[in-house]
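Novice: Under full-length UniProt numbering, the first residue of the sequence shown carries the number 1, and numbering increases by one thereafter.
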Amino acid sequence: MPFSAQKLGSLVDPLFLVVAALFNSLAPILIRNTQDEENEYTYNRACFFFFAEVIKLAIAAVFCVLLKINQDPEAEKMIVSSDLFKRYLGLGFCFFAQNNLSLFSLKHFSTSGYMLMMNSRIVLIAVLSITVLGKRLNGVEWSAVLLITVGSVQHNVSRDSNANLRVPFEGLLVMLSCAGAAAIGNVYTQLVMQKSDQPIMFQNLQLYLAGVGFNGINWLLTVLVWKTEDEWLGKIDLSVVIAICFFAVYGLSISFVLKRFGALTRTLLGAVAIVLTGIWDYFIGTTMDIIDVCTYATIIIAVYLYSEMGPKINPPKS
């Protein structure tokens with residue numbers, strides 16, 4: 001039986017989500033790979049996401065120019081609105097805060113621990129989905145939300161043999177702030193992007209322009225005003241360059257997921273990425289105890305509940 005275009009189209013969404021989950025799981029690993037033996041950064045952290053945003057902005061700009069050159073009907077929708085751009089400024093600030101807090105958080109967390117705590121944002125996303133987006137969650141979705149929350153938090157608030165928290169209190173506060181910024185940014189992105197019929201790359205162009213602005217200002221302040229960094233760049237090696245390029249591609253994939261599938265699916269995708277990150281950690285020699293195993297088991301059950309028993313995804317009509 002020939003492999004029809006319709007069958008191929010039905011595989012696009014699942015394959016895209018698998019690739020996005022893979023990217024999600026590799027993100028904290030690549031950042032940790034840029035740290036030294038004392039979990040410190042030898043480069044100016046403020047420039048990391050600035051360069052990533054510049055790359056994303058350039059890619060989005062090329063796509064928009066091609067739409068214009070080819071006289072695509074979608075190009076007629078590429079109109080800048082001051083009101084809409086203000087919303088993209090808000091989005092840009094949310095992701096700017098999340099990205100820069102994540103660099104600080106990974107000084108205190110393992111890669112798996114970081115992914116676990118980031119998914120505690122699902123509670124806030126669920127609440128915002130109800131209050132802001134008007135989405136009603138059924139019993140299966142609420143069960144998945146609660147299970148992922150338990151699985152995300154139990155790992156890092158557990159205590160070691162000396163009855164100390166696995167993660168310092170300072171690290172937990174920063175991580176929760178990071179998760180909060182991510183939750184607000186995800187829901188706000190869905191609210192803005194899904195209600196707009198503009199081409200997604202034009203939407204991204206405005207979002208990344210805001211990102212370049214916020215990260216650029218932060219970069220200037222760290223060197224000229226706050227004096228928290230002595231050098232403009234610091235020691236940038238191949239691992240940093242690879243991580244910057246990776247985050248540019250990763251950021252592009254996130255916007256597609258949020259526009260097509262929504263913030264809750266994006267977070268559940270992150271839950272799948274937790275398990276993948278745990279697998280990467282295992283292969284690079286990180287030990288896993290019973291708490292880790294129970295955490296991953298809880299999250300797998302939650303994702304199964306949502307994917308197999310929850311509502312099916314109905315992509316918007318083209």
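Heads up, the beta-carbon is just placed ideally off N, CA and C, and yes, glycines get one too.
#1: Under the DSSP definition of a beta bridge, which residues are partnered with Gln35?
#2: Which residues does DSSP list as the beta-bridge partners of Gly234?
#3: Just to confirm the assignment, what range does the alpha helix (DSSP H) spanning Lys86 have?
#4: Can you tell me which of Leu106, Phe214, Ile125 and Val249 puts its alpha carbon nearest to the alpha carbon of Thr34?
#5: Just the Cα atoms here: how many angstroms apart are Thr111 and Ser102?
#6: Excluding the 5 residues flanking residue 321 on each side, which residues of the same chain have their C-beta closer than 7 Å to its C-beta?
#7: From Leu15 to Val223, what distance separates their C-alpha atoms?
#8: Restricting to Cα atoms, I'd like to know which of Glu76, Val65, Leu191 and Phe23 is closest to Ile125.
#9: What's the gap between the Cα of Ala52 and the Cα of Leu22?
#10: Identify, in the order they occur along the chain, each residue of the same chain with its Cβ nearer than 6 Å to the Cβ of Ser255, setting aside the five sequence neighbours on each side.
#11: Quick one: residues in its chain with C-beta nearer than 8 Å to the C-beta of Gly216, no 5 flanking neighbours on either side, listed in chain order?
#12: Please work out which residues of its chain come closer than 8 Å, Cβ to Cβ, to Gly9, disregarding the five sequence neighbours upstream and downstream, and give them in chain order.
#13: Quick one: is Leu57 buried, meaning 16 or more other Cβ sit within 10 Å of its Cβ, or exposed?
#14: Helix, strand or coil: how does DSSP classify Pro14 here?
Specialist: Quick look at the numbers:
#1: Walking along the sequence shown from the start, residue 35 turns up at place 35. In DSSP, Gln35 forms a bridge with Tyr41.
#2: Against the sequence shown, residue 234 aligns to sequence position 234. Paired residues: Tyr43.
#3: Taking the sequence shown and counting its residues from 1, the one referred to as residue 86 is at position 86. Unbroken alpha helix (DSSP H) run through Lys86: Ser82 to Ser105.
#4: The residue labelled residue 34 in the question sits at position 34 within the sequence shown. Out of Leu106, Phe214, Ile125 and Val249, Leu106 has the C-alpha closest to the C-alpha of Thr34.
#5: For this step, residue 111 is matched to residue 111 along the sequence shown. For this step, residue 102 is matched to residue 102 along the sequence shown. Linking Thr111 to Ser102 through their CA atoms gives a straight-line distance of about 11 Å.
#6: Residue 321 cannot be examined here, being either before or after the span of the chain that is shown, 1 to 318.
#7: One-based indexing of the sequence shown puts residue 15 at position 15. One-based indexing of the sequence shown puts residue 223 at position 223. Our two residues, Leu15 and Val223, have alpha carbons roughly 43 Å apart in a direct line.
#8: Looking up residue 125 in the sequence shown gives position 125. When each option's Cα is compared against that of Ile125, the closest is Leu191.
#9: Within the sequence shown, the letter at position 52 stands for residue 52. Within the sequence shown, the letter at position 22 stands for residue 22. Roughly 19 Å between the two C-alpha positions.
#10: Residue mapping note: residue 255 aligns to position 255 of the sequence shown, counting from 1. Cβ neighbours of Ser255 beyond the five flanking positions: Asn204.
#11: Start at 1 with the first residue of the sequence shown, and residue 216 comes out as number 216. For Gly216, same chain residues with a beta-carbon under 8 Å away, outside a window of 5 residues either side, are Phe50 in chain order.
#12: Within the sequence shown, the letter at position 9 stands for residue 9. Annotation note: pLDDT 48 at Gly9 (below 50); position unreliable, no value reported.
#13: Start at 1 with the first residue of the sequence shown, and residue 57 comes out as number 57. Answer is buried; the Cβ neighbour count reaches 16.
#14: Within the sequence shown, residue 14 is the residue found at index 14, counting from 1. Pro14: helix per DSSP, three-state reduction.
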